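All remarks here apply to the structure that follows.
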Amino acid sequence: MSAATARLLDPARAGRAMVGVLAIMLFLTLLAVAAGIGAGRGAAALGARLSERATVQLTDAAPAARAAAAARALAALRSSPTVTRARAVPRGELAELVAPWLGSAADDPDLPMPELIDLELAPGDEALATVRSVLRRVAPGAVIDSHGAAVAPLARLLRIASALAAAIAALMVAASAAVVVLAARAGLEAHRATIAVMHGLGATDMQVAGLFQRRVARDAASAALVATAAAAMTAALLVRPLAADIGANGDTVALGAQGWGVLAAMPFLFVGFAALVARRTVTRALARTL
526 MSAATARLLD PARAGRAMVG VLAIMLFLTL LAVAAGIGAG RGAAALGARL
576 SERATVQLTD AAPAARAAAA ARALAALRSS PTVTRARAVP RGELAELVAP
626 WLGSAADDPD LPMPELIDLE LAPGDEALAT VRSVLRRVAP GAVIDSHGAA
676 VAPLARLLRI ASALAAAIAA LMVAASAAVV VLAARAGLEA HRATIAVMHG
726 LGATDMQVAG LFQRRVARDA ASAALVATAA AAMTAALLVR PLAADIGANG
776 DTVALGAQGW GVLAAMPFLF VGFAALVARR TVTRALARTL
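Numbering (the working numbering), first residue to last: 526 to 815.
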């Protein structure tokens, strides 16, 4: 049966061309899916990490008044049920934050700096509103900055990038299906006389379609091997060094176990999809013309 399949679809230039095109399509699809998963996970991680974080700034001009307001705010925030953790940021940490701009002047004890309180909030939209209410009561001049609001544009951009990557992957799948359809129709046209003889000998449309299906599945499997190897090399060359450069925050753009599982299953799904498209294309064409 394999010899008949090889004769039914030209194994030379046409077969190699289809394998090459399908390999390119699957490689680009794998990259698009990986990018989409990474961007989606990054947006979710940013939201989960920063939506429950906030910073309180007290900027009273008088150091004594500023310190007193910070002490009142810290005590009130620690007693609030919507605050899971409140920590006064030491002056040394503030000096490290401004050192890139001020240099050695950041360590000057006479340099005026605001009092900062780092907050971790309980889940829920009402937590930030409760904190604002507490601060208005004990430290009216305090300013609260929500970390989630600060990175909301970046999270939105990551979600858009994830949706765009999904759309690109869908287009690649559609293009791959079109390649299989064209190859199957070309094979039918090139071997119309042979297929007519097979029908005369008793072969059914499903048996003829099975020949095309097996050949396309074999070509798609070869393409999947090439594309998977290329994608693995790309991941080894780019993803690991990038994660190392990002450091402790690298997990925000990692694919995770589920993401890697999806990528591992895609070559197998690709082969099955190509074989199914070939079978349906040949079956419909034979039903109409032969």
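We treat Cβ as the ideally placed atom computed from N, Cα and C, and that holds for glycine. Quantities reported herein were computed from a predicted structural model and do not represent experimental measurements.
Note that the C-beta distance between Ala598 and Ile562 is not below 9 Å.
With a cutoff of 9 Å on beta-carbon distance, Ala800 and Leu555 are scored as not near each other.
Ala557 is a Cβ neighbour of Ala691, given a cutoff of 9 Å. Nearest C-alpha to Ala611 among Ala630, Asp585 and Glu640: Glu640. Look at the region 614-666 and you find these whole runs of beta strand (DSSP E), each 3 residues long or longer: 640-646. Using a 10 angstroms sphere on the CB of Gly617, the tally of other CB atoms stays under 16, which defines it as exposed. If you draw a straight line from the Cα of Thr759 to the Cα of Ser658, it is about 51 Å long. Checking the DSSP bridge columns, you'll see Asp744 has no partner listed.
Here the alpha carbons of Ala630 and Leu636 stand approximately 8 Å from one another.
Under the three-state reduction of DSSP, Thr554 is assigned to helix.
Val663 is positioned such that its CB atom lies closer than 9 Å to that of Ala600. Following the DSSP letters along the chain, one finds Ala579 in no alpha helix (DSSP H) but inside the beta strand (DSSP E) bounded by residues Arg578 to Leu583. DSSP places Ala586 in the coil class of the three-state scheme, outside both helix and strand. Annotated three-state conformation of Thr607 is coil, per DSSP. Going by C-alpha positions, Phe552 is about 13 Å away from Val796.
Within its own chain, the residues whose Cβ lies closer than 6 Å to the Cβ of Phe737, once the five positions on either side in sequence are excluded, are Ala709, Ala803 and Val807, listed in chain order. Beta-carbon to beta-carbon, Ala652 and Leu646 are separated by about 4 Å, close enough to satisfy the 8 Å threshold.
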